[in-house]
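In the working numbering, the protein residues as written are 26 to 694.
For glycine and all other residues, C-beta sits at the position ideal for the given N, C-alpha and C.
Keep in mind it's a predicted model, so treat the numbers as computed, not measured.
These notes are about the structure you will find just below.
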């Protein structure tokens, strides 16, 4: 009877072997996948196997930190899902998308993928439809193939079940680790210091290149919240107010420009999308002058020069933010977008200032109002109304978007039908990139350059045709107001240089820059890649001022000086700093003599600290400045009748734009 019984000792032995194999598989998967993921992500973003392996071989501690963070993400997903293969697939999808987006952003506009880019929602999807190419397609296919491969491992890896308590513990540990590195807790800070991490917040492309995508992205989480300057307090702001009042007292008596019948002048800012002067490519010639109006004004006017933009290839709203508020992107995290991240309450601006002076403040943009949250942000900046593409009637479309000529006609019409003087901030859209197809049909202006490939030549000619149209639209406005009895001033400039091909293709082939690696540019190359033409015109006499370079954040103070208008507190401070350093970027300073430096001299540190403190006070602080100077202007709320002429409030307009059939991109219309 006992002979028919199987030995009991064999069953536990088989179970033990099975459990051991499953445990080994679990460990190998949880370690191996993060290692391979980091290698793959760096390869996808850097685009070079040699650069990837060189970074890994020379930065072992940084590579290990990237692996640890990737492991934490995988472990957190596994704790929630409970399946190795499915968790691995989800993690691979997330990490792969991060790498692809970062690669494309660097190639397009020189900036990697930031945590706050997740907030872009429709903006990202809308732009993504305009950005396609072989490189992106190959990377997408590669990531999809890896995801499928990881999923197939579900039928290969032995199944292992971890008790629910252990999974919860693993998930909480992983979540805490990601949180600790994201906010840089004291313990995480010690680990980062021991590993030799150098966070380069002022040059995020270099930051990602040095530290790796996963680590740099995680470290940027804390930068989503702007840290209070060490020097910020009420005493410091009170001192700034005293200095501003002293500066205003020393200034010569303010004399307004001489105007007929004492009328206040219309002030029209025209920020032309990606407008730049392609004739600056010295190795390229054109069949005709593409910018006759700009070149004529540059010769005739004493108020022409270049705008130093904080952006390249994109980020229009950041240039807009600097011009309208007088604040600087240099004091905000690299790659941040104030319109979407920080402006949720009234903020003093040129719009609210001119409104206080009896003007009708109006924004005009030939794209949809929800883009960059302009519908709501313009309300907070003190505009009375905002005319976005939804409010244009049967607009002319040229290429993908509403034409610049249509925008000019709308500006002229709004001024003509409005009794009050107008402050108009205009943003065009026609010549938005990409330029890799002849969107305007047969280009009438031909480019010739010995170093240009056929693709670069096509891109440049398409862009130049659009720039020529922008130049013509400026002439349309000049012709309209030239003989008008409405005193009018026009300030025309580009928001940033255009993205002429991936990896700065046209600029490199034309010899405008020496390398496509922005981290290796000279200070002069940085200046050239951030300088757009700036011209002013008026149908009344104005004093001529020589300003070869003006930062976008100082343009408002410059225009108020030209008009002879008394500057409010923050713009007074802007003007004082601009006299010392008319050009200010996070990685470039242009002094009063035109000399270039990587950072401001120590002698200007107190004035720059005042500038930073005032910006923090107005945007995030307790508005101490309003207790000492310009209280009404600095604390003015939004216009109660905002967008009433269009029958909608800012919030309603946003909902309408995102929810109606009429709110499609101009290209779809």
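The beta strand (DSSP E) spanning residue i covers which residue range?
i	result
residue 291	291-297
residue 410	410-412
residue 452	447-452
residue 493	From DSSP, residue 493 is part of no beta strand (DSSP E) but of the alpha helix (DSSP H) over 479-507.
residue 389	385-390
residue 514	513-519
residue 332	330-333
Write down the C-beta distance between residue i and residue j rounded to the nearest angstrom, noting that I regard them as a contact closer than 8 Å.
i	j	result
residue 526	residue 492	Rounded, the Cβ-Cβ distance is 16 Å, inconsistent with contact.
residue 465	residue 490	5 Å
residue 586	residue 600	7 Å
residue 637	residue 356	5 Å
residue 240	residue 91	5 Å
residue 570	residue 328	6 Å
Sorted by chain position, which residues of the same chain lie with C-beta nearer than 7 Å to residue i's C-beta, five sequence neighbours on each side aside?
i	result
residue 624	614
residue 141	249, 361, 362, 366
residue 175	110, 113, 114, 117
residue 31	Only weak support exists for where residue 31 lies, its pLDDT of 46 falling under 50; the coordinates are left without a value.
residue 534	476, 477, 478, 481
residue 596	351, 581, 582, 585
residue 312	470, 471
residue 148	Any answer about residue 148 is weak, because its pLDDT of 49 lies below 50 and its placement is not dependable; what the coordinates show is given next. So the list reads 396, 397, once near-sequence residues are dropped.
residue 256	634, 638
residue 604	617
residue 322	329, 560, 562
Determine the extent of the alpha helix (DSSP H) in which residue i is found, giving its start and end residues.
i	result
residue 442	429-442
residue 195	189-208
residue 82	74-83
residue 533	530-534
residue 648	Note, residue 648: premise wrong, no alpha helix (DSSP H); not H, not E.
residue 214	211-219
residue 362	Run containing residue 362: none; DSSP gives neither H nor E here.
residue 344	341-350
residue 456	From DSSP, residue 456 is part of no alpha helix (DSSP H); its letter is neither H nor E.
residue 326	Careful: residue 326 lies outside any alpha helix (DSSP H) and carries neither H nor E.
residue 377	375-381
residue 268	259-275
residue 549	548-553
residue 238	238-244
residue 400	399-405
Count the other CB atoms, across all protein chains shown, that sit within 10 Å of the CB of residue i; report buried if there are 16 or more and exposed otherwise.
i	result
residue 218	exposed
residue 229	buried
residue 395	buried
residue 617	exposed
residue 427	buried
residue 346	buried
residue 627	exposed
residue 136	buried
residue 471	exposed
residue 88	buried
residue 57	exposed
residue 439	buried
residue 154	Caution applies to residue 154, whose pLDDT of 48 falls short of 50 and renders its modelled position unreliable; the value that the coordinates give is listed next. Exposed, because fewer than 16 other Cβ atoms sit within 10 Å of the Cβ of residue 154.
residue 180	exposed
residue 665	exposed
residue 324	exposed
residue 253	exposed
residue 74	exposed
residue 670	exposed
residue 529	buried
Ignore the nearest five residues each way along the sequence and tell me which others in residue i's own chain have a CB closer than 6 Å to its CB.
i	result
residue 514	290, 292, 563
residue 403	388, 411
residue 433	498, 501, 502
residue 168	121
residue 268	none
residue 407	374, 376, 377, 380
residue 685	Low confidence applies here, because residue 685 scores a pLDDT of 35, under 50, leaving its location unreliable and the question unanswered by this model.
residue 261	638
residue 494	429
Which same chain residues end up closer than 8 Å to residue i when comparing Cβ atoms and leaving out the 5 residues on each side of it in sequence?
i	result
residue 334	344, 519, 520, 521, 522, 555, 556, 557, 577
residue 331	556, 557, 558, 559, 573, 574, 575
residue 285	Confidence at residue 285 is low in this model, with a pLDDT of 49, below 50, so the placement of that residue should be treated as unreliable; the coordinate-derived value is given next. Result list for residue 285: 510, 512, 565, in chain order.
residue 547	539
In chain order, what are the residue ranges of uninterrupted beta strand (DSSP E) at least 3 long that sit wholly in the region 558-594?
574-576
Could you give the uninterrupted runs of the beta strand (DSSP E) lying entirely in the region 630-664, keeping only those of 3 residues or more?
none
Completely contained alpha helix (DSSP H) runs for the region 102-140, where each covers 4 or more residues:
109-134
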